[in-house]
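The numbers in the sequence shown follow this note's numbering, run straight up by one, and end at 417.
All C-beta atoms, glycine included, are put in the ideal place defined by N, C-alpha and C.
Below: the structure, in structure tokens.
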Amino acid sequence: MTSPSDAEAPLSVRDLVQSATSRLLGAHCADDLDEARLQAEVLYAEVAHLDRAQVIAAGTRPTSDDAREAFDALLARRLKHEPLAYILGRREFFGMTFDVGPGCLIPRPETEALVEAAIAAVEEHPRYRRVVRVADIGTGSGAIAVSIAKHAPSTKVFAVDVSTEALQWAGRNMRKFGVEERMVLLAGDLAEPLTEPIDVLCANLPYVPTEDFLDLPPEIRASEPQVAVEGGPTGIELIARLASTLAQHLAPDCAAAFFELGAGQAGFVEDLVTTALNEAGRGPLDVRVHRDLRGIRRVVEVRYGYPTKS
Ligand SMILES: C[S@@+](CC[C@H](N)C(=O)[O-])C[C@H]1O[C@@H](n2cnc3c(N)ncnc32)[C@H](O)[C@@H]1O
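The structure is reproduced here in structure tokens:
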């Protein structure tokens, strides 16, 4: 038999998290129990102003009415498959916390490989003691542009996007990390808005083929901008279009270009880019492919004119 005081006893942190975990798993918001629990813990941490370790340690401690109400509101959004990063309004990328929300792609960990390789190309560029001119085509939240500007101070970074909503997020992150004096935001199609020669060009353009877009999880398909994800019938239409104008925008003497790609696309893009640059008389070309942590050939890098290492 339950006494009145038992009936009124608030849920403990552990019970609240446990119940949310089951609901998240039941609604297919997570692939497994561990991921569902992690999401529930992160949401509770958010409303209770704790970190995840503190949520786990809170165990049988009772939850307050306010915390439960705020938690239920966030959980309801997640149960409708809104991405966790949009609910929290932030995502970690390259050791920095970027502001994100509807209108910009949530930065992905695999893009860190592109940023790391691009920073190396900036630091090895002969202009490094002056200013290396960097372009980020399809900047979204500004993840690539802001990370490079922050970690390689000897740069001027042009961040281009066709979406003005995305550019607002990029602007917000640029100011958050204090790099606005070395960054220029440009609205427009691919490299078209660029008016200066570029020493290091980065592009994480949409590369998911139209047919595959429909099979993506609702978190991506229904929440993230389609213009940020879907890359046309083969997936590489935009990248091919950018490759065809690359030589007009890269500095003639020494430059590097980086393209993030989906599985199976690296070979095609390598051919497109090397053909376009060879036809424009650039070279000899040094082509490298960087794999992500899953072993996928994720980033194609093409350089020319760099001094040979002794
Ligand atoms: C895959 S998201 C990458 C966002 C960000 N650079 C990142 O790595 O997280 C692709 C971005 O390209 C932009 N985009 C799509 N088509 C474009 C075009 N024709 N010209 C410029 N940007 C474009 C989208 O708006 C989106 O922000």
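Cβ-heavy atom distance between residue i and ligand 1 below 8 Å?
| i | result |
| --- | --- |
| Pro332 | yes |
| Ala220 | no |
| Pro190 | no |
| Arg215 | yes |
| Val267 | yes |
| Ser351 | no |
| Leu118 | no |
| Asp206 | no |
| Ala256 | no |
| Gly285 | no |
| Leu345 | yes |
| Gly245 | yes |
| Asn311 | yes |
| Ile163 | no |
| Arg225 | Correcting the residue type first, residue 225 is Ala in the shown sequence and not Arg. Every heavy atom of ligand 1 is 8 Å or more from the Cβ of Ala225, so no. |
| Glu367 | yes |
| Ala335 | yes |
| Ser248 | yes |
| Ser129 | no |
What residues in its chain sit with their C-beta under 8 Å from that of residue i, if we drop five residues either side in the sequence?
| i | result |
| --- | --- |
| Leu195 | Val149, Glu153 |
| Val162 | Val120, Val124, Glu148, Tyr151, Ala152, Ala155 |
For residue i, which option in the options has the closest C-alpha, if you only look at C-alpha atoms?
| i | options | result |
| --- | --- | --- |
| Asp296 | Ala310, Gly285, Leu123 | Ala310 |
| Arg395 | Glu386, Thr381, Arg389 | Thr381 |
| Ser270 | Glu326, Pro313, Glu230, Ala164 | Pro313 |
| Arg289 | Ser261, Glu367, Asn385 | Ser261 |
| Phe366 | Asp378, Arg168, Ala192, Ile346 | Ile346 |
| Pro209 | Ala183, Arg237, Glu230, Ala335 | Ala335 |
| Asp172 | Glu331, Asp399, Val406, Leu123 | Leu123 |
| Val376 | Ala350, Arg398, His356 | Ala350 |
| His397 | Gly374, Glu386, Thr415 | Gly374 |
| His356 | Ala298, Gly202, Val406, Glu344 | Ala298 |
| Asp360 | Leu379, Ala370, Gly388, Arg348 | Gly388 |
| Asp202 | Ile213, Glu219, Ala192 | A quick correction: the sequence has Gly, not Asp, at residue 202. The shortest Cα separation from Gly202 among Ile213, Glu219, Ala192 belongs to Glu219. |
| Glu386 | Lys416, Gly133, Ala354 | Ala354 |
Would you please state the rounded distance, in angstroms, between the beta carbons of residue i and residue j? I believe it to be under 8 Å.
| i | j | result |
| --- | --- | --- |
| Leu221 | Leu131 | In fact, because the Cβ distance is near 31 Å, the residues do not count as touching under 8 Å. |
| Ile226 | His258 | 6 Å |
| Ser254 | Phe200 | 7 Å |
| Ile244 | Leu308 | 7 Å |
| Ala147 | Thr128 | 5 Å |
| Lys263 | Arg279 | No, Lys263 and Arg279 are not in contact; Cβ-Cβ is about 20 Å, not under 8 Å. |
Ignore the nearest five residues each way along the sequence and tell me which others in residue i's own chain have a CB closer than 6 Å to its CB.
| i | result |
| --- | --- |
| Arg410 | Ala363, Asp393 |
| Ala358 | Pro304, Asp306 |
| Pro340 | Thr317 |
| Glu408 | Ala224, Phe365, Arg395 |
| Cys211 | Gly247, Ser248, Ala273, Trp276 |
| Ser110 | Here the model assigns Ser110 a pLDDT of 45, short of 50, so the residue's position is not dependable and the matter cannot be decided. |
| Leu118 | Thr170 |
| Gly371 | none |
Confirm, please, whether the CB-CB distance from residue j to residue i is below 9 Å.
| i | j | result |
| --- | --- | --- |
| Phe284 | Ala329 | no |
| Gly342 | Pro316 | yes |
| Trp276 | Asp179 | no |
| Leu301 | Leu292 | no |
| Pro233 | Tyr413 | yes |
| Val273 | Ala242 | The amino acid occupying residue 273 in the given sequence is Ala; Val does not appear at that position. Not in contact: Ala273 and Ala242 (Cβ atoms no closer than 9 Å). |
| Ser248 | Arg184 | no |
| Leu368 | Arg401 | no |
| Arg121 | Gly166 | yes |
| Glu331 | Pro190 | yes |
| Ala192 | Ile213 | yes |
Looking only at its own chain, which residues have a Cβ that is under 7 Å from the Cβ of residue i, when we skip the five neighbours before and after it?
| i | result |
| --- | --- |
| Leu181 | Leu150, Glu153, Val154, Ile194 |
| Gly390 | Leu384, Tyr411 |
| Glu231 | Tyr413 |
| Ile327 | Val336 |
| Ala137 | Leu131, Ala143, Gln146 |
| Glu287 | Met281 |
| Arg348 | Leu297 |
When you measure from the CB of residue i to every non-hydrogen atom of ligand 2, does any distance come out below 8 Å?
| i | result |
| --- | --- |
| Asp306 | As for ligand 2, it is missing from this structure, which binds only ligand 1. |
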